[in-house]
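First up is the structure itself, then whatever we jot down about it.
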Amino acid sequence: MGPRQCLVCNEAPSKYKCPSCLVPYCSLICFKKHKETPCTKTASSEAKPIAAPVLLLERPYYVDGQSEVLQKSQLESIASSSEIRDVLKDGELQKLISSIISSSNAENELDKAMENEIFRIFSNKILSTLSP
Numbered sequence: 002m003g004p005r006q007c008l009v010c011n012e013a014p015s016k017y018k019c020p021s022c023l024v025p026y027c028s029l030i031c032f033k034k035h036k037e038t039p040c041t042k043t044a045s046s047e048a049k050p051i052a053a054p055v056l057l058l059e060r061p062y063y064v065d066g067q068s069e070v071l072q073k074s075q076l077e078s079i080a081s082s083s084e085i086r087d088v089l090k091d092g093e094l095q096k097l098i099s100s101i102i103s104s105s106n107a108e109n110e111l112d113k114a115m116e117n118e119i120f121r122i123f124s125n126k127i128l129s130t131l132s133p
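For this note's numbering, add 1 to where a residue sits in the sequence shown, where the first one is 1.
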């Protein structure tokens, strides 16, 4: 797909997009002309989910037995579950998971999270995906 036409001057190919409304423009002159009238964010830019911060963990994970480690096929079935993806959109659940991941005592945080209904729903969906 080639460059789009500048929607301000309608003469040159656009090189840029307005950060608010994503209207393509070709130059600083066109950008300033475009900004003479207020623009708003497009519906598609408002609907984009905000990415959760990436947490890099330095600590190792230890398990008692190999049976506690999920196989690749099990992880893939969890990742491909639309039910699990839907429940993961819940902001409260995201905060609970972040607090577990970032805690120095993850087991204690997990116990606290299990008291929350949305976390229990999430856990049950994972378990039902693993053993239908």
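Each residue gets a CB set at the ideal place from its N, CA and C atoms; glycine is no exception.
Alpha-carbon to alpha-carbon, residue j and residue i
i, j, result
"residue 129", "residue 40", "47 Å"
"residue 27", "residue 16", "5 Å"
"residue 23", "residue 7", "11 Å"
"residue 120", "residue 36", "46 Å"
"residue 30", "residue 77", "50 Å"
"residue 97", "residue 126", "16 Å"
"residue 20", "residue 32", "10 Å"
"residue 25", "residue 18", "4 Å"
"residue 114", "residue 106", "13 Å"
"residue 11", "residue 38", "17 Å"
"residue 83", "residue 65", "31 Å"
"residue 1", "residue 34", "Nothing can be reported for residue 1: it is not among the residues displayed for the chain, which extend from 2 to 133."
"residue 81", "residue 14", "40 Å"
"residue 71", "residue 9", "55 Å"
"residue 100", "residue 92", "12 Å"
"residue 112", "residue 68", "21 Å"
Coarse secondary structure for residue i, derived from DSSP in three states
i, result
"residue 1", "Outside the displayed range of the chain (2 to 133) lies residue 1, so it cannot be described from this structure."
"residue 126", "helix"
"residue 1", "Outside the modelled stretch of the chain, which goes from 2 to 133, sits residue 1, for which no answer is possible."
Counterpart residues of residue i in DSSP-defined beta bridges
i, result
"residue 25", "18"
inquiry  = What ranges does the beta strand (DSSP E) occupy inside the region 66-98, keeping only unbroken runs of at least 3 residues that lie completely in it?
reply    = none
key: Touch test, the region 84-94 against the region 102-121, Cβ-Cβ under 8 Å, three pairs minimum   = yes
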